[in-house]
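Quick notes on the structure that follows.
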Amino acid sequence: MDVKIILWDIDGTLVRSNGGRVAVNAFLRALCLSCQLEHELPYPYDSAGKTDPQIALEILAAASIAESRASQALEAFAEHYLMELKRQQQALITDLRVLPGVSEILEVLTQRGIVQSLLTGNLEPVARFKLACAGIEQYLDFDLGAYGSDNADRSRLVPIVRQRLQRRLGPDASQADIVVVGDTPRDIACARAGGARAVAVATGNFTKHELEAHRPDVLLDDLTDTHAVVEALLQYSSSLESRQAPIV
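Going by our numbering, the sequence shown opens with residue 748, and the numbers climb by one from there.
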């Protein structure tokens, strides 16, 4: 059985903020509520590619919240975060911008019968809500994806996708061709850790040069050239020993 699945990162890959801080403010508000804090919390600069639980724990550690208390607060945090996003839904819809070329690529891959899902640090309910607000949720099989709510360690997420593929399609799916598409070095490292192919796209906070240093299998400026990107996703193959990334 030949199984291929494309796993998309969300923030910086499929969508970006138009400059607002709707999601960030909701995140911080949810942390305050979950820990019953009255003072404001800082948001870390280096959050790109991290999972939501990882970011939450780092923020709380920086605020001198005991590790045991912070860990206990994570479940409540997840509920409050989604609630805060829903409360600000219209502002979030206005703030989210689907990146150029994304809708076209998702549509073409869907027409070709390629399974697409997510590999993201977002909590699963948040991922679903964000992409519904962005209007592109119809292209994605959310049940096969892996999320920050599955494991705070991003490097452990590809095996979770393999397990979900096997449960749905049988043991042969363990050899599925998995392609991870993301905009940070952590996306590349995650793909490597899980035996997946890494496609890096310089649409986030990292330049093409910075991403190239991490040797992805494919390196893209952006997703605007639908034909070239689709061909790169579907046709490019590499051995695990060869890491010279074709630049598209």
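The beta carbon of each residue, even a glycine, is placed where N, CA and C say it ideally should be.
Predicted model, so just to flag it, every value in this text is computed and none were measured.
Taken in chain order, the complete alpha helix (DSSP H) segments of 4 or more residues contained in the segment 792 to 848 are 799 to 809, 814 to 834 and 836 to 842.
Cβ atoms of valine 908 and glycine 892 come within 8 angstroms of each other, at about 7 angstroms.
Counting along the chain, the unbroken alpha helix (DSSP H) around serine 781 starts and ends at 769 to 782. Following the DSSP letters along the chain, one finds aspartate 934 inside the alpha helix (DSSP H) bounded by residues 932 to 940. Leucine 967 has Val948 as its beta-bridge partners, per DSSP. Where valine 905 is concerned, the enclosing alpha helix (DSSP H) starts and stops at 904 to 916. In this structure, histidine 827 and serine 794 do not form a Cβ contact; the two beta carbons are roughly 18 angstroms apart against a cut-off of 8 angstroms. Look at leucine 981 here: in three-state DSSP terms it is helix. Its chain contains Gln835, Ala838, Leu839 and Asp842 as the residues whose beta carbon lies nearer than 7 angstroms to that of valine 769, once the 5 sequence neighbours on both sides are disregarded; these appear in chain order. Using a 10 angstroms sphere on the CB of glutamate 871, the tally of other CB atoms reaches 16 or more, which defines it as buried.
As DSSP reads the structure, aspartate 900 sits in no beta bridge. The beta carbon of glycine 941 lies closer than 6 angstroms to those of Val905 and Pro906 in the same chain, with the five residues before and after it left out. Shown here, arginine 763 sits in a strand according to DSSP, grouped into three states. Fewer than three Cβ pairs drawn from the segment 849 to 860 and the segment 806 to 826 lie within less than 8 angstroms of each other, which leaves the two stretches out of contact. Residues Met748, Val750, Arg909, Leu912 and Gln913 of the same chain have their beta carbon placed closer than 8 angstroms to that of alanine 920, with the five preceding and five following residues left out of the count.
Note that the C-beta distance between glycine 766 and glycine 951 is not below 7 angstroms.
Looking at the backbone, the Cα of proline 800 and that of alanine 899 are separated by about 5 angstroms.
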